[in-house]
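These notes concern the structure reproduced below.
There are 2 protein chains.
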Amino acid sequence: MSAPTMQEVAKRANVALSTVSYALNGTRPVSEETRLRIWQAMSELGYQPHALARGLASKRSHIIALLFPALPRGFGATELEFVTGAAEAAQGRGYHLVLWPTEIHAVSELQQLVRQSLVDGVLVMEVRLRDERIELLQQIGVPFSMIGRPSTASDMSFADIDFEQTTRDAVAYLVQLGHRQIAFLNHSEELFDAGYGPSVRAAAGFEQAARAAGLTPISRFCGDTALAGQEVFEELIQAHPEVTALASMNERATVGVMQAAASRGWKIPDDLSIVSLVSSARVAEMTLPPLTALTPQSAELGRLGVETLIGQLEEDHNELVQRLLPCRLVIRGSAGPSPDIARRALLTAASTD
Amino acid sequence: MSAPTMQEVAKRANVALSTVSYALNGTRPVSEETRLRIWQAMSELGYQPHALARGLASKRSHIIALLFPALPRGFGATELEFVTGAAEAAQGRGYHLVLWPTEIHAVSELQQLVRQSLVDGVLVMEVRLRDERIELLQQIGVPFSMIGRPSTASDMSFADIDFEQTTRDAVAYLVQLGHRQIAFLNHSEELFDAGYGPSVRAAAGFEQAARAAGLTPISRFCGDTALAGQEVFEELIQAHPEVTALASMNERATVGVMQAAASRGWKIPDDLSIVSLVSSARVAEMTLPPLTALTPQSAELGRLGVETLIGQLEEDHNELVQRLLPCRLVIRGSAGPSPDIARRALLTAASTD
DNA sequence: ACGTATAGTCGAAGCGCTTCGACGGCACGT
DNA sequence: ACGTGCCGTCGAAGCGCTTCGACTATACGT
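Residue numbers (the working numbering), protein chains in the order written: chain A, 1156 to 1508; chain B, 1156 to 1508.
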């Protein structure tokens, strides 16, 4: 008892096979009357078009691939939301989303996958500033779109977090709270040098935002561990005791900072304000106090990526879609008014006795 | 300049189309010599078999679906690892993984998807104790496997976290640290009643482990918020002041507990030990102190789920595979030796003045 | 020597669909 | 009245592959 075919539907509706196809896809006009007969036959049989056959004949599989780095140890709730957002958007538009976990540099693997003609297009996640995968896709001529973007993206479609704007928002919020000495805590220098977009763009955004506000930008790279966070923070406060607020890209290091602050006897947000950049609620709510954060609209980005790609696949005019989404500020408990530095210094002196 | 077809390979190697197919799949013997010629032709042309055509002809698409609840607000790093683990395993075995985000109860939607004959089998995530999706899949006769399992799973294949064992391990660890009064913090009663497997099984495991160790099991349901965690903890300590350790299934509530403990002047782990059950490193490392946790082998579970399913698809003997994976204990800073309760009582008295 | 199995290959018939060309019919304009 | 054009439908030709039956050549047992 296998699935009904279009042929069976046609027989039951007393029409030719092709007429059923036209009725289904609207490719050619079909009279109201026959269309009704066909619909009825379809629902009586519980007919669903065979996806593979349709794809083979039409050369459009209605499948798109989501390309993301394999074994992403640094991934969390944010990335999961990209994926689910993308999958839902695809489903809503009648597409299937397949997952292609591939090493960023395993370009030949990607090429093999693409050559199987399984997918109509590719959505690339975690795009680096210079990204071989993008170069390959361009060269092969596969339609693609990105979540993130390389440094030269002027001629490509993408949806990305607006890191510059996000950093500006963080700085603006802290300035509004009265802070005048704000430091920026980045990921490691290695990641930055490797062209990790979020790291590079947020750093640039911070630099710019600080100067625009008339502040002296202070930045630190930091490994993605609590210990590194402690160390970098100690060094930072040594070098710049006047710092009262921190904007951090680095969640794990942030925990270290909070620890270091605590061991100095500093309270957050009373003695130090922290704003966490690009943090999911899931993570920001785990600390004490919970982190005031700029939360990415991850699901929305996934959705946008898919929409952009499908737009490209279905329209002929093939327009460029480039969308930057800022993060949303969620005020929790880690940022407050600028503290009295003198008082703070006393605390530190006391705790280091 | 479209992709080369098998026909072109055949021509170039001076053999029949079917011979190429045999050489590729090993369906029938092909002489060493011709096989080499064919291989060469394939690599010269950069041939990759057309996935859709292959699927249509063979009735095996080599695509499997991953079914997971739409808009999973409670999802995090653990679930992402299921997905990536599954995707990698599928890829390693020559399969593609498509994502089907569907409401748990939207069974007709699932039926439509299955009828498209796009996938050879389905891997179901987040299985409830009683799950309509499973019933549907069984009834339609689609091969499937699960991450998680319904209450009556004796005749189905699955891979699941061993919640009972995980809870036993947590209890054992706390007992070993000298704790004799251990409380269990669950998710909400609603989730429990809805047949949320982790909640139900961990609760059972705790009950059993506590009794086996000669302890009186103390359990609490708790909403998934820090505030609920605070309230439930206060009530718990009121009712059972002798409790020195907590095993928690509920990460968000755990934060509330830590907060409540801190406001009593209690230090963790000195005055209260906490072990977090089924927590990813990502989350467990955000608190101060970081949480000693039982971490699920999520990627491994995803992999197992896929392997199980593919085994079912490719073998004829269709054997049952049922795997339970315990979580691994990762010792961080939230659990320590059983405290001096008298001292703790003093702290509490002092802070409530 | 003979039948019989097996290796190695070919051609052709689909898999279930889309799409092209063709064709009859009816509505137009003139 | 007659072309012209579009509506609505049909049949057939693929899409790129797997698989079946058939065929030849070689190896085997007796």
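Ideal Cβ placement from N, Cα and C applies to all residues, glycine included.
Minimum Cβ-Cβ distance from residue 1494 (chain A) to chain B less than 8 Å: Chain B contact via Cβ: absent.
Beta-carbon proximity check, residue 1477 (chain B) vs residue 1313 (chain B), cutoff 8 Å: Cβ atoms of residue 1477 (chain B) and residue 1313 (chain B): closer than 8 Å.
Own chain residues within Cβ distance below 7 Å of residue 1481 (chain B), not counting five before or after: Only 1317, 1320, 1321, 1324 meet the Cβ criterion.
Backbone CA spacing between residue 1428 (chain B) and residue 1499 (chain A) [nearest angstrom]: Between the alpha carbons of residue 1428 (chain B) and residue 1499 (chain A) lies a gap of roughly 31 Å.
Chain A contact for residue 1457 (chain B) (CB, 8 Å cutoff): So no, residue 1457 (chain B) is outside the interface.
CB contact flag (residue 1416 (chain B), residue 1384 (chain B), <8 Å): With contacts defined as CB atoms closer than 8 Å, residue 1416 (chain B) and residue 1384 (chain B) fail to qualify as a contacting pair.
Residue burial classification, residue 1352 (chain B) (beta-carbon count within 10 angstroms, cutoff 16): Burial state of residue 1352 (chain B) is buried, judged by a 10 Å Cβ sphere holding 16 or more other Cβ atoms.
C-beta atoms of residue 1336 (chain A) and residue 1251 (chain A) nearer than 8 Å: No, the Cβ-Cβ distance between residue 1336 (chain A) and residue 1251 (chain A) is not below 8 Å.
Minimum Cβ-Cβ distance from residue 1162 (chain B) to chain A less than 8 Å: Chain A has no Cβ within less than 8 Å of the Cβ of residue 1162 (chain B).
8 Å Cβ cutoff, residue 1338 (chain B) in contact with chain A: False, the Cβ-Cβ gap to chain A never drops below 8 Å.
Contact under 8 Å by Cβ, residue 1298 (chain B) with residue 1464 (chain B): The answer is yes: Cβ separation under 8 Å.
Nonlocal neighbours in the same chain, by C-beta distance under 6 Å from residue 1400 (chain B), ignoring five residues either side: These residues qualify, in order along the chain: 1329, 1334, 1337, 1428.
CB of residue 1275 (chain A) within 8 Å of CB of residue 1219 (chain A), strictly: Contact: yes.
Contact under 8 Å by Cβ, residue 1398 (chain A) with residue 1447 (chain A): Against a cut-off of 8 Å, the Cβ pair of residue 1447 (chain A) and residue 1398 (chain A) comes out as no contact.
Residue 1370 (chain A) in three-state terms, based on DSSP: If DSSP states are grouped into helix, strand and coil, residue 1370 (chain A) belongs with coil.
For residue 1207 (chain A), the first and last residue of its enclosing alpha helix (DSSP H): Bounds of the alpha helix (DSSP H) holding residue 1207 (chain A) are 1206-1213.
Residues that residue 1204 (chain B) contacts on chain A, provided the C-beta gap is smaller than 8 Å: What residue 1204 (chain B) touches in chain A: 1271.
First through last residue of the alpha helix (DSSP H) which encompasses residue 1463 (chain B): Start and end: 1453-1469.
3 or more residues per run - each beta strand (DSSP E) lying fully within the segment 1315-1355 of chain B: List check, beta strand (DSSP E) in window: 1337-1340.
Range of the contiguous alpha helix (DSSP H) that encloses residue 1194 (chain A): Residue 1194 (chain A) -> alpha helix (DSSP H) spans 1187-1200.
CB contact flag (residue 1460 (chain A), residue 1278 (chain A), <8 Å): Their beta carbons are under 8 Å apart, which means residue 1460 (chain A) touches residue 1278 (chain A) by this criterion.
Buried versus exposed call for residue 1195 (chain A) [16 or more other C-beta atoms within 10 Å across all chains shown]: Counting C-beta atoms within 10 angstroms of its own C-beta, residue 1195 (chain A) has fewer than 16 neighbours from the protein chains shown and is therefore classed as exposed.
Rounded straight-line distance, which links the Cα of residue 1358 (chain A) to that of residue 1373 (chain A): Distance between the alpha carbons of residue 1373 (chain A) and residue 1358 (chain A): 10 Å.
Classification of residue 1302 (chain A) by the beta-carbon crowding that lies within 10 angstroms, buried from 16 upward: Residue 1302 (chain A) comes out buried.
Range covered by the alpha helix (DSSP H) that runs through residue 1311 (chain B): Premise fails: residue 1311 (chain B) is in no alpha helix (DSSP H) and is neither H nor E.
Residue 1403 (chain B) and residue 1431 (chain B) closer than 8 Å at C-beta: Against a cut-off of 8 Å, the Cβ pair of residue 1431 (chain B) and residue 1403 (chain B) comes out as a contact.
Exposed unless 16 or more other CB atoms sit within 10 angstroms - verdict on residue 1247 (chain B): So residue 1247 (chain B) counts as exposed.
When A:1214, A:1452, A:1232 are compared against residue 1437 (chain A), the one with the closest alpha-carbon: It is A:1232.
is_contact[residue 1230 (chain A), chain B] using C-beta, thresh 8 Å: It does; some Cβ of chain B falls within 8 Å.
Pick from B:1425, B:1197, B:1483 that is closest to residue 1449 (chain B), judged by C-alpha positions: When C-alpha distances from residue 1449 (chain B) are compared across B:1425, B:1197, B:1483, the shortest belongs to B:1483.
Per DSSP, the bridge partner or partners of residue 1223 (chain A): The partner list for residue 1223 (chain A) (beta bridge, DSSP) reads A:1256.
Three CB pairs or more closer than 8 Å across the segment 1166-1180 of chain B and the segment 1178-1185 of chain A: Result no; under three Cβ-Cβ pairs closer than 8 Å.
Contacts that residue 1407 (chain A) makes with chain B (C-beta to C-beta distance below 7 Å): What residue 1407 (chain A) touches in chain B: 1440.
CB contact below 8 Å: residue 1371 (chain B) versus chain A: No, residue 1371 (chain B) does not count as interfacial toward chain A.
Contact set for residue 1343 (chain A): own chain, Cβ-Cβ below 6 Å, skip 5 residues either direction: Around residue 1343 (chain A): 1376, 1378.
Outcome for residue 1285 (chain B) when other beta-carbon atoms lying within 10 angstroms are tallied against a minimum of 16: Exposed: under 16 other Cβ atoms inside 10 Å.
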